[in-house]
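Taken in order, the sequence shown gives residues 48 to 528; the numbers are from our numbering. Even for Gly, the Cβ is constructed at its ideal location relative to N, Cα and C. Keep in mind it's a predicted model, so treat the numbers as computed, not measured.
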Amino acid sequence: MSILNMKEENIKQAAKNGKLTISVVGLGRVGLPTTLLFAAAGARVIGIDIDKQKVANLNNGKVYINEPGLEALLQKVFKNGTFTATTDIANAVSQSCAVMICVPTPLNKAKKPDYTSLKNACENVAKSLKVGTLVMIESTVSPGTTVNLVKPILEQFSGLQATRDFGLVFCPERGAPGAILHDLRNNTRVVGGMDDKSAECAIALLRTITQGKVFRVSSTTAAEATKLFENIYRDVNIALANELAILCEKLKVDMLEIIDAANAKTIGFVDKATQKYRSFSVPCNLHTPGAGVGGDCIPVNPYYLLEKADDLQVDLPLVKIARKTNDVMPHHVVELVVSALKDLDRDVDESKIAILGFTYKGDVDDLRNTPAKLIINKLKSLGASLVGFDPMIGTGKIEEFQISQSAKLDDCLKNVNCAVIVTDHSEFKKIEIDKMRKLMNDKAAIVDARGIFDPGKLVRMGFVYRGIGRSEKRFMKKSST
Ligand code: SAJ
48 MSILNMKEEN IKQAAKNGKL TISVVGLGRV GLPTTLLFAA AGARVIGIDI DKQKVANLNN
108 GKVYINEPGL EALLQKVFKN GTFTATTDIA NAVSQSCAVM ICVPTPLNKA KKPDYTSLKN
168 ACENVAKSLK VGTLVMIEST VSPGTTVNLV KPILEQFSGL QATRDFGLVF CPERGAPGAI
228 LHDLRNNTRV VGGMDDKSAE CAIALLRTIT QGKVFRVSST TAAEATKLFE NIYRDVNIAL
288 ANELAILCEK LKVDMLEIID AANAKTIGFV DKATQKYRSF SVPCNLHTPG AGVGGDCIPV
348 NPYYLLEKAD DLQVDLPLVK IARKTNDVMP HHVVELVVSA LKDLDRDVDE SKIAILGFTY
408 KGDVDDLRNT PAKLIINKLK SLGASLVGFD PMIGTGKIEE FQISQSAKLD DCLKNVNCAV
468 IVTDHSEFKK IEIDKMRKLM NDKAAIVDAR GIFDPGKLVR MGFVYRGIGR SEKRFMKKSS
528 T
């Protein structure tokens, strides 16, 4: 029987008993965890990728993505024999009752979405698509792509008709690198279907791997927009934090102190029944200023919406300004370095600078769109001699940055004139200040682009300090009383 006509409990049962075969196209940071979660739930899952090496690695029990729990999950599904990887999409799809497409949809140089992989995947899936199959698109796309691009390709190359012959939904991934398995198991998911049957079937399937809520919206376009809006919300709020932080530096107030105070705001009412004060949802949620916005979601997603808005001749000035504000931050970090070195009567081109952190955010090994790259390139163009350390990136792994890497933090700090905290790795939050004092040059500066240090302590230790939105004045009062 086609999965589209099965009731939710039957889908769950069938998945548990290995009676469902699912294909996942694209075994990357989202596709591979998705594949293994469905296999661990009991479904027979065929992971499909064009990269023969990835397929070979997986079939040999090796993962190529550094995600907590992924290796163990692969071993588990290997044992119960519910997972195989292949490059043969036709054979896989022809056996599957559901096909999830998780291929990359990167931006091109003009910052427009490149749907080449998505189009190829849809065409290849269509050629072997059976009546009654559910197709789930998980790749991030502009609103309207499932209806206007995916559906016509699936219908053209299968000769079938969406909703009549096969189901079609959009279901965005919501998984942060470094926590993808946790997020796919717990985060609320969003589903938008071409029709009720498609959506209900997708919800039932998702419920076999997540204990989080599955939130149904009324269309695939609404689901596509949901993914973009939630990440644009984050980009705009980070931009607000960054913009206000730069003001705080001039105001000589400490942004992190103000964030704590403002976010502590409550507004609510006294509940008549219980006479208890109840607060509304979070009335203020100022985000954290930083070295810039990296990763493959937040700085990228706005462009999918901007492309569609351009087509519809709708201007989105706030979305654009937020992107510009966040893109300024790496330059601002460099300005702080120049200003800190000036306090040491040093120019950048006669200084040795330690770059602490290359990845786009703390405790992940992901370099995509990292602000570190621009900070490194700009300091090099100013003639600085650079050395770098990142506990998540082994030495020699980042030729593209052209920076000498230390294997240890202590080596990286030895006799440098300035240390720049670019990424908020937990390891950096545990740095002993007095050890840093001994290791670095007698006259040294710290530029903290992630707010991990207490500026007062650093200044009392004799460092020149700069921090995004930070002011040591907040901390100095204590020592003078
Ligand atoms: N950042 C700031 N200030 C903030 C928050 C983040 O500067 O207050 C910077 C980070 O340093 C990083 C970038 O923004 O460079 C992105 O940070 P992120 O925490 O949003 O990290 P991501 O890219 O892993 O975001 C993902 C997103 N998840 C998906 O797209 C599925 C995002 O929606 C989640 O909110 C985020 O994970 C999360 O925290 O789970």
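Residues near residue i in its chain [Cβ-Cβ closer than 8 Å; skip 5 each side]
| i | result |
| --- | --- |
| residue 396 | 429, 430 and 431 |
| residue 108 | 121, 122 and 125 |
| residue 526 | Confidence at residue 526 is low in this model, with a pLDDT of 48, below 50, so its placement is unreliable and no value can be given for it. |
| residue 455 | 436 |
Contacts around residue i, its chain only, beta-carbon distance under 6 Å, and the 5 residues preceding and following it disregarded
| i | result |
| --- | --- |
| residue 183 | 147, 216, 218 and 249 |
| residue 484 | 508 |
| residue 142 | 68 |
| residue 61 | 67 |
| residue 286 | 369, 372 and 373 |
| residue 55 | 251 |
| residue 255 | 59, 62 and 88 |
| residue 449 | none |
| residue 262 | 235 and 237 |
Rounded C-alpha distance that separates residue i from residue j
| i | j | result |
| --- | --- | --- |
| residue 124 | residue 186 | 24 Å |
| residue 236 | residue 259 | 7 Å |
| residue 528 | residue 394 | With a pLDDT of only 38 at residue 528, under the threshold of 50, the placement of this residue in the model should not be trusted, and no figure is reported. |
| residue 512 | residue 491 | 9 Å |
| residue 189 | residue 266 | 14 Å |
| residue 222 | residue 80 | 10 Å |
| residue 52 | residue 198 | 20 Å |
| residue 269 | residue 158 | 22 Å |
| residue 502 | residue 385 | 18 Å |
| residue 462 | residue 495 | 18 Å |
| residue 517 | residue 475 | 18 Å |
| residue 240 | residue 214 | 8 Å |
| residue 119 | residue 83 | 10 Å |
| residue 478 | residue 460 | 11 Å |
| residue 493 | residue 387 | 8 Å |
| residue 211 | residue 105 | 36 Å |
Supposed contact pair residue j and residue i - C-beta distance, whole angstroms, cut 8 Å
| i | j | result |
| --- | --- | --- |
| residue 111 | residue 101 | 6 Å |
| residue 75 | residue 130 | The pair is not a contact, with the Cβ atoms about 16 Å apart (cut-off 8 Å). |
| residue 457 | residue 369 | About 38 Å separates the two Cβ atoms, so there is no contact after all. |
| residue 89 | residue 65 | 6 Å |
Residue i CB to nearest heavy atom of the ligand ZN below 7 Å
| i | result |
| --- | --- |
| residue 341 | No copy of the ligand ZN occurs in the structure displayed; its ligands are the ligand SAJ alone. |
7 Å Cβ shell around residue i - same chain, five flanking residues per side excluded
| i | result |
| --- | --- |
| residue 27 | Past the boundaries of the shown model lies residue 27; the chain is included only from 48 to 528, so the question cannot be answered. |
| residue 113 | 412 |
Report yes or no: do three or more beta-carbon pairs, one from the segment 135-151 and one from the segment 61-72, lie closer than 8 Å? Between the segment 135-151 and the segment 61-72, the count of Cβ pairs shorter than 8 Å is three or higher; the stretches touch.
If you pair each beta-carbon of the segment 231-246 with each one of the segment 360-369, do three or more pairs fall below 8 Å? Judged by pairs of C-beta atoms under 8 Å, the segment 231-246 does not touch the segment 360-369, as fewer than three such pairs exist.
Is the segment 301-309 touching the segment 222-233 in the sense that three or more CB pairs, one from each, lie closer than 8 Å? Touching, no, given that fewer than three Cβ pairs across the two stretches are closer than 8 Å.
Pick out the complete alpha helix (DSSP H) segments inside the segment 458-519, 4 residues or longer, and give them in chain order. Counting only runs that start and end inside the segment 458-519, the alpha helix (DSSP H) elements of at least 4 residues fall at 473-476, 480-486 and 502-507.
Only counting runs of 4 or more residues, tell me where the alpha helix (DSSP H) segments fall wholly within the segment 110-158, in order along the chain. As far as the segment 110-158 is concerned, its whole alpha helix (DSSP H) runs of at least 4 residues are 117-126 and 136-141.
Whether or not the segment 433-450 and the segment 344-362 are in contact is what I'm after, with contact meaning three or more pairs of Cβ atoms, one per stretch, closer than 8 Å; do they touch? Not touching, per the Cβ criterion.
Any chance the segment 399-412 sits against the segment 348-361, with 3 or more Cβ pairs inside 8 Å? The segment 399-412 vs the segment 348-361: no contact.
Check whether the segment 321-339 and the segment 375-387 touch, using three or more Cβ-Cβ pairs below 8 Å as the test. Contact between the segment 321-339 and the segment 375-387 is present: three or more C-beta pairs spanning the two stretches fall below 8 Å.
Would you call the segment 203-213 and the segment 160-180 in contact, with 3 or more CB pairs under 8 Å? Touching, per the Cβ criterion.
Inter-stretch contact (C-beta, 8 Å, three-pair minimum) for the segment 463-473 and the segment 403-417: The segment 463-473 vs the segment 403-417: in contact.
Stretch pair the segment 273-281 + the segment 305-324: three plus CB contacts closer than 8 Å: Pairwise C-beta distances place the segment 273-281 out of contact with the segment 305-324, as fewer than three of them are shorter than 8 Å.
Please list the segments of the alpha helix (DSSP H) lying wholly inside the segment 308-364, counting only runs of 4 or more residues, in order along the chain. Complete alpha helix (DSSP H) runs here, min 4: 348-358.
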